[in-house]
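Let me begin by presenting the structure, written as structure tokens, before commenting on it.
Protein chains in written order, with my numbering: chain U, 17 to 208; chain R, 818 to 949.
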């Protein structure tokens, strides 16, 4: 019987192909979010008015969203733990709990956007708010993508007890999205 | 990576939550005490940003397993971060300066409260207006 040839690991690094690919994705994301954060820092240093604008963001909602993401990171690493034990039920359970918390994050983000937009702070109000909506919107898009991929892995792979390594791969991505928020939170919500 | 126990993950999570609470309380305390200037910076920088770095390290090292991952992965990420810093400090010199050799930035800081000065979206146009 002929075998389908699949490169499962890279001999140069010893890292499984899928996981190595995710590390490269994370490296590219460092430039995307790093560039945004660097631009924000420079503008924040340069313009005193940005601190006044930051005072209008809701520390409470930002804090609650930080809690959701930190907890979701904890859940996804537990899902990874159970995936290593090939425990499909527990792995799926924690993947869906992670998705649920991602949903809470997005829900609170929409409430926050609604409040800000109805108070006249839109994408076009000034440069601070342009940056705010770009950075948080791009981050929210990453959260949404992570949720969709996680649901596909939970129902397409883990339910059928295959491709267990994908839980770790999506976990690495999800943790990175969490790290980005760890830096956006003090920049946009705390330092006023 | 199978040696990682749930107990360790739980401990890291609790530590992250404690750090998160401190990072919120520090700047709130600065507001309550009415701190301004250097003393305010001295409280906010370590509590908000110092703790953010510690939290990011804990997530990367323990949740992303970078501590036990093959060395190539940390190299890839650290190289990316290093290039980011080159970019940051490379452009910072020009952006932060108000004038240089045969150029100046005739820029005035907009005044007004949050969300109420719609005219400040012209900032970029003014800043880019270098005179040669």
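We put the CB at the ideal spot given by N, CA and C, even for glycine.
What are the boundary residues of the alpha helix (DSSP H) that includes residue i?
i: residue 45 of chain U; result: 33 to 62
i: residue 850 of chain R; result: Neither: residue 850 of chain R is in no alpha helix (DSSP H) and is coded neither H nor E.
i: residue 897 of chain R; result: 889 to 913
i: residue 865 of chain R; result: Unbroken run through residue 865 of chain R: none, as it is neither H nor E.
Measuring straight from C-alpha to C-alpha, what distance separates residue i and residue j?
i: residue 830 of chain R; j: residue 159 of chain U; result: 20 Å
i: residue 891 of chain R; j: residue 832 of chain R; result: 23 Å
i: residue 63 of chain U; j: residue 207 of chain U; result: 14 Å
i: residue 899 of chain R; j: residue 76 of chain U; result: 33 Å
i: residue 876 of chain R; j: residue 90 of chain U; result: 9 Å
i: residue 947 of chain R; j: residue 923 of chain R; result: With a pLDDT of 42 at residue 947 of chain R, under the threshold of 50, the predicted position of this residue should be treated as unreliable, though the coordinate-derived value follows. Near 8 Å, if we compare the C-alpha coordinates of residue 923 of chain R and residue 947 of chain R.
i: residue 94 of chain U; j: residue 844 of chain R; result: 32 Å
i: residue 5 of chain U; j: residue 139 of chain U; result: This structure does not reach residue 5 of chain U, given that chain U is present from 17 up to 208, and the question cannot be answered.
i: residue 128 of chain U; j: residue 824 of chain R; result: 35 Å
i: residue 53 of chain U; j: residue 108 of chain U; result: 34 Å
i: residue 894 of chain R; j: residue 43 of chain U; result: 5 Å
i: residue 35 of chain U; j: residue 888 of chain R; result: 13 Å
i: residue 932 of chain R; j: residue 146 of chain U; result: With a pLDDT of 49 at residue 932 of chain R, under the threshold of 50, the modelled position of this residue cannot be trusted, and the question is left open.
i: residue 113 of chain U; j: residue 854 of chain R; result: 43 Å
i: residue 940 of chain R; j: residue 852 of chain R; result: Summary for residue 940 of chain R: the model assigns pLDDT 44, below 50, so the residue's position carries little reliability; its value from the coordinates is reported in the next sentence. Residue 940 of chain R and residue 852 of chain R: Cα-Cα distance of roughly 30 Å.
i: residue 161 of chain U; j: residue 201 of chain U; result: 20 Å
i: residue 182 of chain U; j: residue 49 of chain U; result: 24 Å
i: residue 171 of chain U; j: residue 104 of chain U; result: 10 Å
i: residue 102 of chain U; j: residue 179 of chain U; result: 10 Å
i: residue 838 of chain R; j: residue 141 of chain U; result: 31 Å
i: residue 915 of chain R; j: residue 921 of chain R; result: 6 Å
i: residue 163 of chain U; j: residue 189 of chain U; result: 11 Å
i: residue 879 of chain R; j: residue 186 of chain U; result: 15 Å
i: residue 71 of chain U; j: residue 866 of chain R; result: 17 Å
i: residue 136 of chain U; j: residue 69 of chain U; result: 12 Å
i: residue 166 of chain U; j: residue 83 of chain U; result: 20 Å
i: residue 59 of chain U; j: residue 74 of chain U; result: 21 Å
Using a Cβ-Cβ cut-off of 8 Å, state whether residue i counts as contacting chain R.
i: residue 159 of chain U; result: no
i: residue 151 of chain U; result: no
i: residue 34 of chain U; result: no
i: residue 134 of chain U; result: no
i: residue 52 of chain U; result: no
i: residue 162 of chain U; result: no
i: residue 113 of chain U; result: no
i: residue 198 of chain U; result: yes
i: residue 48 of chain U; result: no
i: residue 105 of chain U; result: no
i: residue 208 of chain U; result: yes
i: residue 172 of chain U; result: no
i: residue 39 of chain U; result: yes
i: residue 27 of chain U; result: no
Quick one: is residue i near chain U, going by C-beta distance under 8 Å?
i: residue 869 of chain R; result: yes
i: residue 878 of chain R; result: no
i: residue 855 of chain R; result: no
i: residue 881 of chain R; result: yes
i: residue 903 of chain R; result: no
i: residue 923 of chain R; result: no
i: residue 823 of chain R; result: yes
i: residue 917 of chain R; result: no
i: residue 941 of chain R; result: Low local confidence applies: a pLDDT of 42 at residue 941 of chain R is under 50, so the model's placement there is unreliable, and no value is given.
i: residue 899 of chain R; result: no
i: residue 844 of chain R; result: yes
i: residue 884 of chain R; result: no
i: residue 894 of chain R; result: yes
i: residue 912 of chain R; result: yes
DSSP three-state call for residue i: helix, strand or coil?
i: residue 30 of chain U; result: coil
i: residue 180 of chain U; result: coil
i: residue 171 of chain U; result: helix
i: residue 856 of chain R; result: helix
i: residue 822 of chain R; result: coil
Quick one: does the C-beta of residue i sit closer than 7 Å to a heavy atom of the ligand HEM?
i: residue 882 of chain R; result: With respect to the ligand HEM, the structure offers nothing, as it holds no ligand at all.
Under a CB-based cut-off of 8 Å, is residue i close to chain C?
i: residue 119 of chain U; result: Of the protein chains in this structure, namely U and R, none is chain C.
Exercise for the section: Could you name each continuous beta strand (DSSP E) segment of 3 residues or more that falls completely within the stretch 138 to 164 of chain U, going from the start of the chain to the end? Expected result: Taken in chain order, the complete beta strand (DSSP E) segments of 3 or more residues contained in the stretch 138 to 164 of chain U number zero; there are none.
Practice task
Please go through the stretch 61 to 138 of chain U and give each complete alpha helix (DSSP H) segment of 4 or more residues, from N-terminal end onward.
Solution key: Runs of the alpha helix (DSSP H) inside the stretch 61 to 138 of chain U: 65 to 70, 75 to 100, 104 to 134.
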